[in-house]
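Asker: Under the working numbering, the residue at position 44 of the sequence shown is numbered 53, and the numbers go up by one with no gaps.
Quick reminder that beta carbons are idealized off the backbone N, C-alpha and C, glycines included.
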Amino acid sequence: MNFSQRLKAARHHAGLTQRQLADAVRVTQPVISQIENGASLKSVHTSKIAATCGVNHLWLAEGIGDMLDSTDENSSESNGPSHRLQPALYSVPLISLNQAFTWTKGGFEMSDSKTVERLPCPVPVGKRAFAFRMPNDSMVGTRNDRSIYEGWAVFIDPDVAPEPGQIALASINGGEPILGVLTLHGGRTYIKPANPQYEMELVNTDSTDWCLGRAVFTGYAM
Numbered sequence: 010m011n012f013s014q015r016l017k018a019a020r021h022h023a024g025l026t027q028r029q030l031a032d033a034v035r036v037t038q039p040v041i042s043q044i045e046n047g048a049s050l051k052s053v054h055t056s057k058i059a060a061t062c063g064v065n066h067l068w069l070a071e072g073i074g075d076m077l078d079s080t081d082e083n084s085s086e087s088n089g090p091s092h093r094l095q096p097a098l099y100s101v102p103l104i105s106l107n108q109a110f111t112w113t114k115g116g117f118e119m120s121d122s123k124t125v126e127r128l129p130c131p132v133p134v135g136k137r138a139f140a141f142r143m144p145n146d147s148m149v150g151t152r153n154d155r156s157i158y159e160g161w162a163v164f165i166d167p168d169v170a171p172e173p174g175q176i177a178l179a180s181i182n183g184g185e186p187i188l189g190v191l192t193l194h195g196g197r198t199y200i201k202p203a204n205p206q207y208e209m210e211l212v213n214t215d216s217t218d219w220c221l222g223r224a225v226f227t228g229y230a231m
């Protein structure tokens with residue numbers, strides 16, 4: 010297959026329309042259409058396209074290897090959100106992390122959002138789900154398979170309660186939301202960043218406002 014054919018195959022694998030892929034890569038839909046029609050054999054956006062579609066970058070760019078990395082097929086863990094794209098099922102509003110508390114406590118739903126930018130979510134989520142971009146390196150740890158890098162999209166479902174070992178979005182004493190692994194230690198509950206340079210935060214589980222939802226999917230920077 011040539012580059013145009015590989016791009017189309019990658020998009021179909023991810024279950025994205027040309028418009029959805031264009032929005033994720035931040036180009037116009039005609040750009041994707043032109044590439045798929047053979048108008049261009051290369052793209053400066055190849056790495057972003059590969060990451061968005063969940064395919065091997067070298068395969069997409071040069072046709073070398075398989076479309077899917079074998080490591081990607083076997084690296085998923087039940088305790089962490091998936092990084093692998095499946096067919097896009099929902100379009101959720103992209104909000105700032107500072108807006109997350111207001112969003113969850115205000116009972117907003119996806120259909121209520123006036124946010125211009127939306128992101129395709131490839132996993133089933135509730136009506137109040139939303140996404141934000143990771144603002145820092147607090148979730149970059151020694152295990153790269155579970156790291157969430159700055160700029161990556163994090164999809165949160167407020168109606169899914171996190172269990173210990175899963176990634177949760179929490180507000181400590183009504184403060185700015187933080188993302189981390191829900192951890193039990195010494196009979197207490199903590200939010201633990203993956204980056205050891207950040208401290209664990211003690212959660213007041215007697216408060217009904219601390220949990221803002223569970224991370225159900227994290228995507229590459231879009």
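State the start and end residues of the unbroken alpha helix (DSSP H) segment that holds V149.
Answerer: Looking at the DSSP string, V149 is not in any alpha helix (DSSP H), and its letter there is neither H nor E.
Asker: When you compare each of P186, W112, T198, W68 to K136 by their alpha carbons, which one comes out closest?
Answerer: W112
Asker: List the endpoints of the continuous alpha helix (DSSP H) containing S42.
Answerer: 38–45
Asker: Span of the alpha helix (DSSP H) holding T113?
Answerer: 109–114
Asker: With distance defined between alpha-carbon atoms, name the residue in R223, A31, R20, S52 nearest to P133.
Answerer: Looking from the CA of P133, the closest CA among R223, A31, R20, S52 belongs to R223.
Asker: If we count Cβ pairs, one from each stretch, closer than 8 Å, do we get three or more for the segment 161–172 versus the segment 202–214?
Answerer: no
Asker: Taking H22 as part of the beta strand (DSSP E), name the residues at either end of that continuous run.
Answerer: It is not in any beta strand (DSSP E) - H22 instead sits in the alpha helix (DSSP H) that spans 12–23.
Asker: Note down the Cα distance separating R127 from R142, rounded to an integer number of angstroms.
Answerer: 12 Å
Asker: Considering only C-alpha positions, which residue in the set S156, H54, Y99, P173 is nearest to C196?
Answerer: The residue you asked about is not Cys; residue 196 is Gly in the sequence shown. Among S156, H54, Y99, P173, the Cα nearest to that of G196 is on P173.
Asker: Can you list the beta strand (DSSP E) stretches of 3 or more residues lying completely in the segment 154–188, in chain order?
Answerer: 162–166, 176–179
Asker: Could you tell me the alpha carbon to alpha carbon distance between C62 and S13, rounded to whole angstroms?
Answerer: 14 Å
Asker: Please classify E86: does DSSP put it in a helix, a strand, or coil?
Answerer: Any reading at E86 is ruled out, since the residue's pLDDT is 42, under 50, leaving its predicted position unreliable.
Asker: Return the CA-CA distance between H66 and H22, expressed in angstroms with no decimal places.
Answerer: Put simply, the backbone Cα of H66 is about 14 Å away from that of H22.
Asker: Between the C-alpha atoms of S216 and G74, what's the straight-line distance to the nearest angstrom?
Answerer: The alpha-carbon atoms of S216 and G74 are separated by roughly 51 Å.
Asker: Go ahead and label L193 buried or exposed: buried means 16 or more other beta carbons lie within 10 angstroms of its beta carbon, across all protein chains shown.
Answerer: By the 10 Å Cβ count, L193 comes out exposed.
Asker: Between the Cα of S56 and those of S122, L69, R20, spot the shortest distance and give me the residue it belongs to.
Answerer: The option with the nearest alpha carbon to S56 is L69.
Asker: Anyone know if the C-beta pair for E159 and D168 falls short of 8 Å?
Answerer: no
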